[in-house]
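Written below as structure tokens is the structure these notes are about.
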Ligand code: NHX
Ligand code: ZN
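Residue numbers (my numbering): 59 to 402.
Put into structure tokens, the structure is as follows:
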């Protein structure tokens, strides 16, 4: 008899359960690569009517780091969107919209925001976006939006260009810089600052701390692991233990984390100061369109006209009821989702 079990926490298993004759083989299953994601998408779209423009390989390319469950969720969300639009088939655009929903959370269009908050959000997100665009080692900005989602008033999302197995020190530094870009834009343009950037600082600080304590990216602290003990993959090579360093080292770690953050803070401050007009154009474009995709972001940064925007309007509940009645009346005409240019 063969017994197979799965866990996300091999580190907390009792070693007794792993002895020879018990669960004696360990198979590591990482997140799917590009080929794996195409295969998983093929499985989950088997019973979904797909439009002719759907290319699973393009969807897989645009979803690096997604797990099998994430991809299943993506297919479900795309199908739900298509159903809400009264469509018989799921199109590439439904997948694109579903991806944004999965990555950034659901929009909260009903949330009331005053003009001043909206402007602050536009400056803040423009700060992230311009910083992300100008930093060479950062993942490209995929989308930026000032439509509230979950707890956030706005989001800036970047996506790696392809599957990545590890990250460089330059990437980590640029990632910290990008997280700080929002607050710095607020400070430069509006003068006064607010509580809103707490999550950005958490991300920046976590990255800086990992650089120092895990990734050996601080010259001062050296290539050492200052971490909690982890059950390693090889049982005869145990991981490091927490607190196995002196008070002096603890202070040095704190100082080094602080230094890294301030280095990036100063770098982004001068970067945004010398790109004030780009920052302003980005904030204006955001106030006008609310959401910008990669092509629109590049257009703003290259001082070009924004590409024409087609926006699909999701019908309201009342509208759907009305359409349902029309259909039941046996109308020959089946309403299609309206495509309207933005701003109208
Ligand atoms: C408030 N919320 O507290 C309002 C309602 C600075 C323009 N007055 O950094 O929305 O200020 O780039 C996860 C993610 C709380 C958890 C973000 C918990 C944000 C988001 C507070 C933009 N985008 N901040 C950002 C934001 C806010 C908050 C979060 C979270 C803002 C900022 C929230
Ligand atoms: Zn932010």
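Note that beta-carbon positions come from the ideal geometry of N, C-alpha and C, so glycine has one too. Please read these numbers as outputs of a predicted model, since none were measured by experiment.
Subject >> Pair within 8 Å by beta-carbon distance, residue 253 and residue 214 >> reply: no
Subject >> the segment 221-230 touching the segment 163-172, judged by at least three CB pairs closer than 8 Å >> reply: no
Original post:
Is the segment 352-364 in contact with the segment 314-330, if contact means three or more CB pairs nearer than 8 Å?
Top reply: no
Original post:
Under the DSSP definition of a beta bridge, which residues are partnered with residue 207?
Top reply: 165 and 210
Original post:
Between 185, 199, 176 and 118, which lies nearest to residue 150 when the distance is taken from Cα to Cα?
Top reply: 118
Original post:
DSSP state of residue 349, grouped into three classes?
Top reply: strand
Subject >> Three CB pairs or more closer than 8 Å across the segment 330-349 and the segment 199-215 >> reply: yes
Subject >> residue 226 (DSSP reduced to helix, strand or coil) >> reply: coil
Subject >> Whether residue 258 touches residue 241 by CB criterion (8 Å) >> reply: yes
**OP:** Take the Cβ of residue 223 as the centre, count every other Cβ of all protein chains shown within 10 Å, and call the residue buried at 16 or more, exposed below.
**Re:** exposed
Original post:
My guess is that residue 408 and residue 122 are in contact by the Cβ rule of under 8 Å, so how many angstroms apart are they, rounded?
Top reply: A query on residue 408 cannot be resolved here, the shown segment of the chain reaching from 59 to 402 and no further.
**OP:** Output yes or no for whether 8 Å exceeds the beta carbon distance between residue 422 and residue 235.
**Re:** The requested residue 422 is not part of the displayed model; the chain covers only 59 to 402.
Subject >> Three-state secondary structure assigned by DSSP to residue 268 >> reply: helix
Original post:
Is residue 215 helix, strand or coil when you go by DSSP?
Top reply: strand
**OP:** Assign residue 389 to one of two classes, buried (16 or more other C-beta atoms within 10 Å of its C-beta) or exposed (fewer than that).
**Re:** Note that residue 389 scores a pLDDT of 44, beneath 50, so its modelled location is shaky; the value from the coordinates is reported in the next line. Its Cβ having fewer than 16 others within 10 Å, residue 389 is exposed.
**OP:** Kindly indicate the opening and closing residues of the alpha helix (DSSP H) around residue 137.
**Re:** 126-142
Original post:
What are the boundary residues of the alpha helix (DSSP H) that includes residue 328?
Top reply: 305-331
Subject >> Cβ shell of residue 401 (< 6 Å), same chain only, five flanking positions each side left out >> reply: Model confidence at residue 401 stands at a pLDDT of 45, short of 50, so the residue's coordinates are unreliable and nothing is read from them.
Original post:
Whose beta carbon lies closer than 5 Å to any heavy atom of the ligand ZN, going through the chain in order?
Top reply: 240 and 258
**OP:** Could you spell out the range, first to last residue, of the alpha helix (DSSP H) harbouring residue 191?
**Re:** 173-192
**OP:** Following the continuous alpha helix (DSSP H) through residue 93, name the residue where it begins and the one where it ends.
**Re:** 92-102
Subject >> Three-state secondary structure (DSSP) of residue 367 >> reply: coil
Original post:
Could you give the C-beta distance for residue 148 and residue 99, rounded to a whole number, given that I count them as a contact under 8 Å?
Top reply: About 12 Å; that fails the 8 Å criterion.
**OP:** Buried or exposed for residue 322, please, with buried defined as at least 16 other CB atoms from any protein chain shown within 10 angstroms of its CB.
**Re:** buried
**OP:** Closer than 7 Å by C-beta to residue 231: which residues in its own chain qualify, once you throw out the five before and the five after it? Chain order, please.
**Re:** 322
**OP:** Please find out if some non-hydrogen atom of the ligand ATP comes closer than 7 Å to the beta-carbon of residue 187.
**Re:** This structure does not include the ligand ATP; its bound ligands are the ligand NHX and the ligand ZN.
Original post:
From which residue to which residue does the alpha helix (DSSP H) around residue 116 run?
Top reply: 114-119
Original post:
Going by the C-beta, is residue 183 closer than 7 Å to any heavy atom of the ligand NHX?
Top reply: yes
Original post:
When burial is assigned at 16 or more other CB atoms within 10 Å of the CB, is residue 250 buried or exposed?
Top reply: exposed
Original post:
Taking the C-alpha atoms as reference points, what is the distance between residue 312 and residue 324?
Top reply: 18 Å
**OP:** Taking 8 Å as the cut-off, decide whether the C-beta atoms of residue 162 and residue 207 are in contact.
**Re:** yes
Original post:
From 111, 120, 243 and 110, pick the residue whose C-alpha is nearest to that of residue 190; which is it?
Top reply: 243
Original post:
Taking the C-alpha atoms as reference points, what is the distance between residue 128 and residue 182?
Top reply: 29 Å
Original post:
Under the criterion of a Cβ to heavy atom distance below 7 Å, does residue 209 qualify as lining the ligand NHX?
Top reply: yes
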